[in-house]
Structure formats: C-alpha cells, structure tokens
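So the structure is just underneath, and the comments pick up after that.
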Amino acid sequence: MNVDAILRQIGEFGPYQKVIYVILNLLGVTHGIRMLMAVFLLYTPRHRCAIPTYPNDTYEVQSDYHGHLIQHYIPNNTKDGEDSPYDQCRIFNTNGSDDGMVLAKTGCQNFVYDTSVFENTAVVEFDMVCDDALLGSHSQTSQMAGYFLGVLFFGAIGDKWGRKVTIYLAVVIYVAAGLGLSWTPQASYVVFIVVRFVNGACSAGAFTAVAVLSVEMVGPSKRLWVGTLIHWAFAIGGVVLDLIGYFIRDWALINIVGTAPAILALSFWWIIPESPRWLAKHGRMDEAEKVLRKIAKYNGKTFPENWREFHDTGSKDSSNSNSNGGVVKSTNQSDADRSSKIEESGIGGVSKPANEAQNSSGGPLRDFFRMFTYRVLLIRNLLLFLNWFAVSMAYFGLSFTADQLSAGGLFTNFLLSMSMDFPATGLCLILLDRWGRRRLHTVAMVMGGTSSLLGVLTTMVAPDDLQWITVVVAMVGKLGSSMGFILVYIYSSELFPTTVRSAGMGASSAFARLGSILASYVQQWVSWLLG
1 MNVDAILRQI GEFGPYQKVI YVILNLLGVT HGIRMLMAVF LLYTPRHRCA
51 IPTYPNDTYE VQSDYHGHLI QHYIPNNTKD GEDSPYDQCR IFNTNGSDDG
101 MVLAKTGCQN FVYDTSVFEN TAVVEFDMVC DDALLGSHSQ TSQMAGYFLG
151 VLFFGAIGDK WGRKVTIYLA VVIYVAAGLG LSWTPQASYV VFIVVRFVNG
201 ACSAGAFTAV AVLSVEMVGP SKRLWVGTLI HWAFAIGGVV LDLIGYFIRD
251 WALINIVGTA PAILALSFWW IIPESPRWLA KHGRMDEAEK VLRKIAKYNG
301 KTFPENWREF HDTGSKDSSN SNSNGGVVKS TNQSDADRSS KIEESGIGGV
351 SKPANEAQNS SGGPLRDFFR MFTYRVLLIR NLLLFLNWFA VSMAYFGLSF
401 TADQLSAGGL FTNFLLSMSM DFPATGLCLI LLDRWGRRRL HTVAMVMGGT
451 SSLLGVLTTM VAPDDLQWIT VVVAMVGKLG SSMGFILVYI YSSELFPTTV
501 RSAGMGASSA FARLGSILAS YVQQWVSWLL G
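When the letters of the sequence shown are read in order and numbered with the working numbering, they come out as residues 1 to 531.
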C-alpha cells in the first residue's frame with residue numbers, strides 16, 4: 001500500500017487531519033510545560049543562614065532588633081555576582097549569645113529564604129543551596145536521564161505496538177507521576193528525583209510519538225509544515241508555564257496546574273487514530289484502510305476503491321500525481337520526497353540486496369541497528385547525533401538561565417526566551433527550501449554558538465546599565481538554537497524510514513538529552529565562574 005498516493009487523493013491535510021493535529025499539539029504543549037518547569041521548580045531564591053537564637057527568623061527584616069541580630073550573625077556579601085546583601089552560605093560563630101564575641105565563619109545549619117519571587121520552590125523544600133547546590137543539577141539530570149532512556153524505550157514501543165498506544169501509555173504514567181511529584185517532599189529527596197526521572201521518560205516518549213504520528217498522518221507536501229509547526233506547541237507550553245508561574249508562586253501548585261492539560265488529553269483516546277502508515281507497514285491493511293476511509297469521509301473526498309493497487313513500487317496514480325512509487329519527481333526535492341525515496345530504497349537510503357529485502361524479518365529493532373552496518377550511514381548518523389547533542393545543550397542551557405540574566409526579571413526573560421521559538425519556526429518555513437537543510441542548519445548553529453559566547457563576555461565586562469546587551473545577545477542565541485532544534489528534527493524525520501522512524505528519532509533525542517544533562521552542570525559552573 002502506498003499511503004502517500006492515497007493521501008494525495010483523499011486530502012493531504014484536510015479538516016480531519018487538522019483536528020487531529022490540534023489535539024496532538026495539546027500534548028506538545030504539556031510536554032513543553034513539563035520539560036521547562038525546572039526553571040520555576042528549581043529556582044534558587046536569595047537566602048542566608050538562619051539565626052540560631054531567633055526561632056521565627058525570616059529573610060525579610062522584621063524589626064530593628066531583628067536587623068541587629070542579622071548584622072551580628074550574618075557576614076556581608078563580598079561576591080560581585082550575587083545581588084544578596086548577605087553572605088548566603090556562612091554565619092559568624094559566637095559564644096552562644098546574641099552579644100557574644102564573634103569567633104569565625106562557619107557553614108549554615110539552617111536557612112531562610114527570600115519569598116519575594118516565589119513563596120516556595122523545591123530548592124527551598126530540600127535546602128539545595130551552598131554545599132548542596134549540586135542537588136538541583138542532580139535533580140535536573142534525573143529528568144533528562146529519564147528523557148534519555150524514555151525516548152529509547154518508548155521509541156521501540158512505538159515501532160512495535162504503534163504510535164497511539166505509545167502516546168497514551170506514556171501520558172497515563174506521566175499524569176500519575178506528575179501529580180505525585182507535588183507530595184514528594186513528604187518522602188525524601190531520592191523519591192523526588194525518581195519521580196522526576198519517570199516524568200522525563202514519559203514526557204519524552206509521548207512527545208516523540210506525537211511528532212512521528214503528526215508527520216505520518218499527512219501527505220508528502222504537508223509534512224514540512226506539520227513537522228515544523230509542532231515546535232510551536234512546545235513554545236506555547238513555555239509561554240503557558242510562564243503565566244502559571246507568574247500567578248501561582250508555589251512550586252507544588254505550579255506542578256499540579258501544569259499537569260492538568262495532560263489529563264484533558266486522555267479524553268481524546270477515542271478520537272486519535274493509529275498511524276495508517278505504521279499499520280500498512282505492519283501488514284494490518286484492513287485497519288489502515290479503515291483509518292484512511294475515515295480521513296476521506298471527513299475531508300469530503302471519495303476513497304479510491306482500487307487502493308490495494310497503490311503499491312510502493314510503481315503506484316497506480318503515477319500518471320496523475322507525477323509520482324514514481326510515491327516519489328514526486330521535482331528539481332526542488334521536498335522532505336516528503338526524500339523520505340519516500342528512503343522508504344523505497346531500503347534502510348536509510350541504502351539499497352537492500354534482493355534476497356535480504358525478501359528475508360528482512362528481524363523487526364524494527366534489527367532494521368534500526370542495520371543502519372549502523374554501512375559506513376556511510378554510520379558516519380551520517382553519528383554526525384546527526386552530534387548535532388542533536390550540541391543544539392540541545394545550547395537550547396536548554398539558554399532556557400534554564402533566564403533567572404541569571406542581570407537585566408529584566410525572571411518572568412520577562414523567560415517569556416522572551418520562549419518567544420524566540422516562534423520567529424525561529426517562521427524563518428525555518430520561509431528559508432528551508434530556499435537555502436536547503438545543511439546551509440540553514442549551519443547558519444543557525446553558528447548564530448547560536450557565537451551569541452552564547454558573546455553573552456558570557458558581556459556578562460563579565462558590561463556595566464550594570466548595559467546588561468540589556470546580554471539579554472539581547474542571549475535572545476539571538478536562543479533564536480539560533482531554536483532554529484537548529486527544528487531543523488535537526490526535520491532532518492531526522494526525513495532520514496529514518498517508517499519501520500525505524502520512532503526508534504531512530506528516539507535514539508537521536510537520547511543524544512540530545514546528554515547535551516541537556518551537561519547543560520545543568522555547565523550552568524552551575526558558569527555561575528561559580530562569574531560569581
């Protein structure tokens with residue numbers, strides 16, 4: 001069955017596919033909320049040591065006497081990179097009285113936190129500051145490690161059991177773990193990072209399957225738009241999260257409200273179909289026909305009754321649709337044409353020997369590993385994985401440091417950062433076919449990398465009244481990294497054939513998680529370097 005040829009006749013992106021696409025994008029929004037929630041959950045407020053002789057101590061000065069105790073116990077801050085007037089990690093050791101002799105500086109036993117930005121965060125719950133500051137990075141690593149394994153695990157499930165089953169299996173677990181995260185402080189830090197690991201794994205699994213299903217539901221000429229615009233859903237999730245954080249200043253409530261859209265998505269089980277392309281590739285022709293007939297019905301098109309004659313090699317509609325086996329002959333080759341050729345020629349565009357094509361019954365996992373047995377494909381895939389790694393480190397590194405930009409506030413900077421995804425998507429759609437994938441991706445990566453380096457430089461040398469330059473440079477860097485992320489998604493979806501597309505995208509995304517894992521530690525290192 002040539003699904004592309006059938007979709008050209010019944011509607012490549014008609015009303016039915018548009019409704020399904022909107023529903024799938026709702027899941028993309030929830031993914032954006034979950035993956036970026038660490039900006040608020042792990043926000044580190046200003047803090048200082050708690051005064052041992054003052055039971056109701058707060059960061060804010062309560063009275064003249066309270067102010068006197070603070071001056072007596074707390075050293076002044078001597079670090080230029082911190083906006084706190086107090087030393088955030090040390091306290092004077094006295095002889096046990098409020099007017100006793102100051103002996104030396106020691107580490108804090110307990111902390112008090114500034115509540116002007118957030119009433120409570122996970123950092124406050126677990127005192128992830130000073131000597132334990134790396135616990136915040138470990139927490140973020142746990143989610144990204146979950147993402148790393150989740151895209152591999154759910155990617156394999158997606159190729160074996162189908163895209164729809166994968167999406168909802170991941171969402172059900174994700175909702176349970178997401179709601180449970182808010183009560184983890186009553187257990188322990190270990191439980192907290194385990195639940196974040198599960199959240200990352202399931203969120204990644206759902207979004208990867210959503211991206212694949214979105215592309216496989218539409219015809220060849222619409223895949224570029226569909227595969228690109230789904231990144232707006234992630235950005236919209238970031239904008240929604242910014243609004244949630246602005247109006248709800250408690251991390252546990254932010255987490256619950258941020259999980260709510262995924263609960264709504266569960267109600268669409270009876271609406272979202274399985275991928276007809278996946279069904280056809282697995283020999284489930286009757287089910288594929290049922291899905292395609294539904295598409296034709298709601299698109300107001302007539303389903304071709306000779307659909308069984310639309311084969312992958314020499315389709316019935318070649319005279320009508322300018323196709324040869326489902327591949328449109330064009331001097332300006334689209335992503336659909338590239339992927340169609342991959343489908344025909346074998347694994348990753350390398351032709352199979354005739355006997356191997358007939359006996360290739362090892363399943364999607366075997367097909368996936370076969371992509372690394374050819375030298376040219378091995379090099380191609382390794383370069384692809386390297387790009388995923390680099391662009392993810394830049395993207396999440398810039399997203400998670402919104403609170404460290406001197407000019408502007410946390411919510412303003414984060415909103416600006418996420419807003420860069422919208423022009424990035426537009427530029428990709430406008431320039432992709434004009435400049436080509438490699439040239440545009442190269443420009444985006446150079447833009448993102450150069451701007452990131454300039455941002456570090458301006459942070460170090462620019463005076464306070466010119467720190468807005470750092471914000472501008474950081475936003476240009478975010479624009480470049482956003483474009484790079486979109487382009488590497490498109491590139492990957494074109495290179496991997498249907499039988500291994502979910503696993504291939506999962507493996508690519510796994511390398512991206514390695515970059516995002518390192519981003520959290522690089523963030524700590526840069527903070528230490530500048531502070």
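For each residue, glycine too, the CB sits at the ideal point set by N, CA and C.
Remember, it's a predicted structure, so these values are computed and weren't measured experimentally.
Taking only three categories from DSSP, how would you classify I48?
As a working note, residue 48 is residue 48 in the sequence shown. According to the sequence shown, residue 48 is Arg rather than Ile. Three-state result, R48: strand.
Within 10 angstroms of its Cβ, does T459 collect 16 or more other Cβ (buried), or is it exposed?
Here the question's residue 459 lines up with position 459 in the sequence shown. T459 is buried by the Cβ-count criterion.
Give the DSSP-derived three-state secondary structure of R163 in the structure shown.
Within the sequence shown, numbered from 1, the residue matching residue 163 stands at position 163. Reduced to three states, the DSSP call for R163 is helix.
Excluding the 5 residues flanking W307 on each side, which residues of the same chain have their C-beta closer than 8 angstroms to its C-beta?
Sequence index remark: in the sequence shown, residue 307 carries index 307 (1-based). So the list reads M1, I6, E289 and L292, once near-sequence residues are dropped.
Just the Cα atoms here: how many angstroms apart are V3 and M285?
The residue labelled residue 3 in the question sits at position 3 within the sequence shown. The residue labelled residue 285 in the question sits at position 285 within the sequence shown. Their backbone Cα atoms lie some 11 angstroms apart in a straight line.
Hey, is L41's beta-carbon within less than 8 angstroms of any beta-carbon in chain B?
The structure shown contains no chain B; it is built from a single protein chain.
Which ranges does the alpha helix (DSSP H) cover as unbroken runs of at least 4 residues, wholly within the segment 122 to 194, from first to last along the chain?
Taking only runs of at least 4 residues, the alpha helix (DSSP H) segments lying wholly in the segment 122 to 194 are 122 to 126, 134 to 161 and 163 to 181.
Which class does Y21 belong to by DSSP, given the choice of helix, strand or coil?
Start at 1 with the first residue of the sequence shown, and residue 21 comes out as number 21. The answer is helix: DSSP assigns Y21 an H, G or I state.
Can you tell me whether DSSP reads R338 as helix, strand or coil?
Start at 1 with the first residue of the sequence shown, and residue 338 comes out as number 338. Caution applies to R338, whose pLDDT of 45 falls short of 50 and renders its modelled position unreliable; the value that the coordinates give is listed next. Residue state, collapsed to three classes: helix.
When we look at the beta-carbon of E216 and count the other beta-carbons within 10 Å, is it buried (16 or more) or exposed?
If you number the sequence shown from 1, residue 216 lands on position 216. Per the 10 Å Cβ criterion, buried.
Confirm, please, whether the CB-CB distance from I173 to V198 is below 8 angstroms.
Numbered from its first residue, the sequence shown carries residue 198 at position 198. Numbered from its first residue, the sequence shown carries residue 173 at position 173. Contact flag set, yes.
On a CA-only basis, which of Y489, L266 and F92 is nearest V165? Give me that one, please.
Here residue 165 refers to the residue found at position 165 when the sequence shown is read from its first residue. Of the listed residues, the one whose Cα sits closest to V165 is L266.
Over what stretch of residues does the beta strand (DSSP E) that includes A93 continue unbroken?
As a first step, residue 93 must be located in the sequence shown, where it is residue number 93. Reading the sequence as shown, one finds Asn at residue 93 and not Ala. Note, N93: beta strand (DSSP E), R90 to N93.
Using the DSSP secondary-structure output, state which residues sit across from F111 in a beta bridge.
By one-based count along the sequence shown, residue 111 stands at place 111. Per DSSP, C49.
Would DSSP call N381 helix, strand or coil?
Position 381 of the sequence shown, counted from the first residue, corresponds to residue 381. Residue state, collapsed to three classes: helix.
If we call anything under 8 angstroms between Cβ atoms a contact, is G136 one with R34?
Taking the first residue of the sequence shown as position 1, residue 136 is located at position 136. Taking the first residue of the sequence shown as position 1, residue 34 is located at position 34. In this structure, R34 does not lie closer than 8 angstroms to G136 by Cβ.
Excluding the five sequence neighbours on either side, which residues of its own chain have a C-beta within less than 6 angstroms of the C-beta of A38, listed in chain order?
Residue 38 sits at position 38 when you count from the first residue of the sequence shown. Q140, listed in sequence order.
Assign T106 to one of three DSSP states: helix, strand, or coil.
The residue you call residue 106 lines up with position 106 of the sequence shown. Note: T106 maps to strand in three-state DSSP.
How would you label Y65, buried or exposed, when you count the other beta carbons within 10 angstroms and need 16 or more for buried?
Translated into the one-based positions of the sequence shown, residue 65 becomes position 65. Per the 10 Å Cβ criterion, exposed.
Apart from the five residues just before and just after L479, which ones in its own chain have a Cβ nearer than 6 angstroms to its Cβ?
For the purposes of this step, residue 479 is taken as the residue at position 479 of the sequence shown. Same-chain partners within the cutoff: M420 and A424.
Per DSSP, D250 is paired with what?
Residue 250 sits at position 250 when you count from the first residue of the sequence shown. N120.
Drop a sphere of 10 angstroms on the beta-carbon of V151, count the other beta-carbons inside from all chains shown, and report buried for 16 or more, exposed for fewer.
Walking along the sequence shown from the start, residue 151 turns up at place 151. Looking at its Cβ environment, which holds 16 or more other Cβ atoms inside 10 Å, V151 is buried.
Between the segment 119 to 126 and the segment 232 to 251, do three or more beta carbon pairs fall short of 8 angstroms?
Contact between the segment 119 to 126 and the segment 232 to 251 is present, because at least three Cβ pairs lie under 8 angstroms.
Suppose you measure from the CA of P52 to the CA of C89; what does that come to, to the nearest Å?
The residue labelled residue 52 in the question sits at position 52 within the sequence shown. The residue labelled residue 89 in the question sits at position 89 within the sequence shown. Straight-line Cα distance between these residues: approximately 14 angstroms.
Counting beta carbon pairs with one atom in the segment 122 to 132 and one in the segment 486 to 498, are three or more of them shorter than 8 angstroms?
Result no; under three Cβ-Cβ pairs closer than 8 angstroms.
Use the C-beta contact count for I379: other C-beta atoms within 10 angstroms, 16 or more gives buried, fewer gives exposed.
Reading the sequence shown from its first residue, position 379 is the one you call residue 379. Its Cβ having fewer than 16 others within 10 Å, I379 is exposed.
In terms of DSSP beta bridges, what is N255 paired with?
Along the sequence shown, read from residue 1 onward, the residue named residue 255 stands at position 255. Bridge partners of N255: none, in fact.
Anyone know if the C-beta pair for G258 and L241 falls short of 8 angstroms?
If you number the sequence shown from 1, residue 258 lands on position 258. If you number the sequence shown from 1, residue 241 lands on position 241. Closer than 8 angstroms, so yes.
Relative to the C-alpha of A156, which residue among H68, R438, M505 and V391 is closest?
On the sequence shown, position 156 is the one that residue 156 refers to. Out of H68, R438, M505 and V391, M505 has the C-alpha closest to the C-alpha of A156.
Give the range of the alpha helix (DSSP H) segment to which W278 is assigned.
Position 278 of the sequence shown holds residue 278. Here the alpha helix (DSSP H) through W278 covers P276 to K281.
Let me confirm a value: A512 is counted as buried when at least 16 other C-beta atoms fall within 10 Å, else exposed. Which label applies?
The count along the sequence shown starts at 1 and reaches residue 512 at position 512. Under this definition A512 is a buried residue.
Over the uninterrupted alpha helix (DSSP H) stretch that includes Q404, give me the two end residues.
Locating residue 404 in the sequence shown gives position 404, where the first residue counts as 1. Where Q404 is concerned, there is no enclosing alpha helix (DSSP H), given that its DSSP letter is neither H nor E.
Using C-beta distances below 7 angstroms, list every residue in its chain close to M393, excluding the 5 sequence neighbours before and after it, in chain order.
Here residue 393 refers to the residue found at position 393 of the sequence shown. Closer than 7 angstroms at Cβ, skipping near neighbours: G515, S516, L518 and A519.
Whole angstroms is fine: what's the gap from Y16's alpha carbon to G283's?
Position 16 of the sequence shown holds residue 16. Position 283 of the sequence shown holds residue 283. The straight-line gap from Cα to Cα measures roughly 24 angstroms.
Looking at the structure shown, is N299 part of a helix, part of a strand, or coil, going by DSSP?
Counting from 1 along the sequence shown, the entry for residue 299 is found at position 299. Here N299 sits in helix by DSSP.
DSSP on N56, reduced to helix/strand/coil?
Here residue 56 is taken as the residue at index 56 of the sequence shown, counted from 1. Of the three classes helix, strand and coil, the one that applies to N56 here is coil, per DSSP.
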